[in-house]
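To start, the structure itself, in structure tokens.
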């Protein structure tokens, strides 16, 4: 059955090629960074937990040493323009991801249904690459040189989401959630519904900003405020408390550099000088939207 | 209380502009020590979760194709298409994209678009071309239009995906509440993502229309 394993092999090979190309360009920091990522994708399951921890420390050491210089993502040298057929080539990946996601769910024997989208996305990338080679006839290394140009622009931000997920695991082990939840619960005036709603929704947004991810904040705020106060004491509708609470957290995701894949990576990919430029454009949507979520929860959650 | 030191480390590390990867590792170490965990247990917990979450980084597989197509003028074609369209404004373009992104994300198709897949090669060049047609070239160092394109992609993605019943966050909510003996159907949760999705569309689309009015006036 094709699942994440095959996807990781493809990703590992790509990072290995990136490492090789970086070595050829004598960029040793990048070489080490991509080689460690390739190792993670190709052999991560065989390294053991401590081994993977050491691998992470290696990635951090390279990133913190300042050896990963941010590169410009612009095309170097001449662009060799083609007609509008280039759009068809660009659509191969999303089209394959779309069709594959729908189709693979019908073929659970062939593809792991839980990973249908990632498998389809990988297949789309390979298919588009094959068509690109036959149509555009680039030199064999060209797609990877061009891909590396974009990857170098992203740099260490590429692994920050994975690192934050790991931090969440350590927080869970240390019981951080219970303490934060207890504090948020203790800060509310006794018996105040609007106070509890505000603490829950704003707490979701704030803790999401720290963790870079609403998934880490959700269990904490549900334990501290959501279940004991909103659902038990005030008889809130659990579905609304959960769904709207999570979306209040998403408003926090729009506001934090910790959500690197959504906020820092696009700024890097677009070559923006201000790495927080995307967040600045999101503030004026995120804050009114947080208020809207609070209003939705207050008006419909306790009917 | 001591375990909260890790959160202080994150906030301080960011304000002092240390490398975020370093800040995260130090925060994990401080938190673990404060909770009295042995160093190897902290390292193991960290490494285990890192390995389990590799799928987050898989999306960069699209970069070689995008890079190759850019070398053959993908961004320039995207600009040319918008320049050839009468009545194309940056606001209308981004509103159409916002709607597309919310609907496809609500159908579970979050990975078909994104910063690498669509924003950099297509949406940002189109938005810049449209804004230039409205108000002339942006001032040097004015990065607002490409940043707004990326922001629109995020808003559409976040406030569409929770309508899909099998998305990770829905399953997480169901799992967490089940731990308290509250059994919910994914469908009950995803239905309550719809009002917020509508609010997100209205708020963001209003900002975009407002932008059109401002750009139009400057011309």
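Chains as they are written, first to last, in my numbering: chain U, 6 to 308; chain X, 55 to 273.
Where is the CB? At the ideal position from N, CA and C, for every residue including glycine.
- A residue is called buried once 16 or more other Cβ atoms fall within 10 Å of its Cβ, and residue 228/X is buried on that count.
- With respect to chain X, the C-beta atom of residue 98/U has a partner C-beta closer than 8 Å.
- By DSSP's assignment, residue 116/U forms a beta bridge with 7/U.
- In the structure shown, the three-state DSSP call for residue 197/U is coil.
- Annotated as distal: residue 47/U and residue 36/U, with beta-carbon spacing of 8 Å or more.
- Pairing residue 234/X with residue 246/U, the inter-Cα distance amounts to about 14 Å.
- If you look at residue 138/U, you'll find it in the alpha helix (DSSP H) that goes 121-141.
- 87/U is the residue among 10/U, 170/U, 105/U and 87/U whose C-alpha sits nearest the C-alpha of residue 142/U.
- The Cβ atoms of residue 44/U and residue 64/U do not sit closer than 8 Å to each other.
- Not a single CB atom of chain X sits nearer than 8 Å to the CB of residue 226/U.
- Residue 98/U sits close to residue 119/X, with the two beta carbons spaced by under 8 Å.
- Closer than 8 Å to the CB of residue 113/U there is not a single CB belonging to chain X.
- By the rule that beta-carbons nearer than 8 Å mark a contact, residue 152/U touches chain X.
- With respect to chain X, the C-beta atom of residue 74/U has no partner C-beta closer than 8 Å.
- In chain order, 252, 255 and 294 make up the part of chain U whose C-beta sits under 8 Å from the C-beta of residue 213/X.
- Of all residues in the region 175-190 of chain X, the ones placed with a Cβ closer than 8 Å to any Cβ belonging to chain U are 175, 176 and 178, in chain order.
- Distance between residue 78/X and residue 301/U, taken at the CA atoms: about 34 Å.
- Distance from the CA atom of residue 212/X to the CA atom of residue 104/X, rounded to whole angstroms, is 23 Å.
- The beta carbon of residue 14/U sits no closer than 8 Å to any beta carbon of chain X.
- By the criterion of a C-beta distance shorter than 8 Å, residue 173/U is surrounded in its chain by 216, 218, 220 and 221, once the five residues flanking it on both sides are discounted.
- With a threshold of 8 Å between beta carbons, residue 139/U makes no contact with chain X.
- Residues are counted here when their Cβ sits less than 7 Å from a Cβ of chain U; for the region 237-271 of chain X these are 238, 242, 243, 246, 247, 249, 250, 253, 254, 257, 258 and 261, given in chain order.
- For the C-beta of residue 156/X, not a single chain U residue is nearer than 9 Å; the gap to the nearest is close to 13 Å.
- Where residue 159/U is concerned, the enclosing alpha helix (DSSP H) starts and stops at 147-159.
- In this structure, 297/U is the residue among 118/U, 270/U, 297/U and 187/U with its C-alpha nearest to the C-alpha of residue 256/U.
- Per DSSP, residue 102/X is one residue of the alpha helix (DSSP H) stretching across 93-106.
- When DSSP states are grouped into helix, strand and coil, residue 195/X belongs to the coil group.
- The Cβ atoms of residue 158/U and residue 70/U lie no closer than 8 Å to each other.
- A Cβ-Cβ contact shorter than 8 Å links residue 88/X with residue 59/X.
- Shown here, residue 35/U sits in a helix according to DSSP, grouped into three states.
- Between residue 115/U and residue 214/U, the gap from beta carbon to beta carbon reaches 8 Å or more.
- At a Cβ-Cβ threshold of 8 Å, residue 187/X and residue 286/U do not count as neighbours.
- A residue is called buried once 16 or more other Cβ atoms fall within 10 Å of its Cβ, and residue 23/U is buried on that count.
- For a cut-off of 8 Å, the C-beta gap from residue 244/U to residue 242/X is around 4 Å, short enough to register as a contact.
- Residue 258/X sits buried, since 16 or more C-beta atoms from the chains shown fall within 10 Å of its C-beta.
- Contact annotation, residue 248/U with residue 246/X: C-beta distance approximately 4 Å; criterion of less than 8 Å satisfied.
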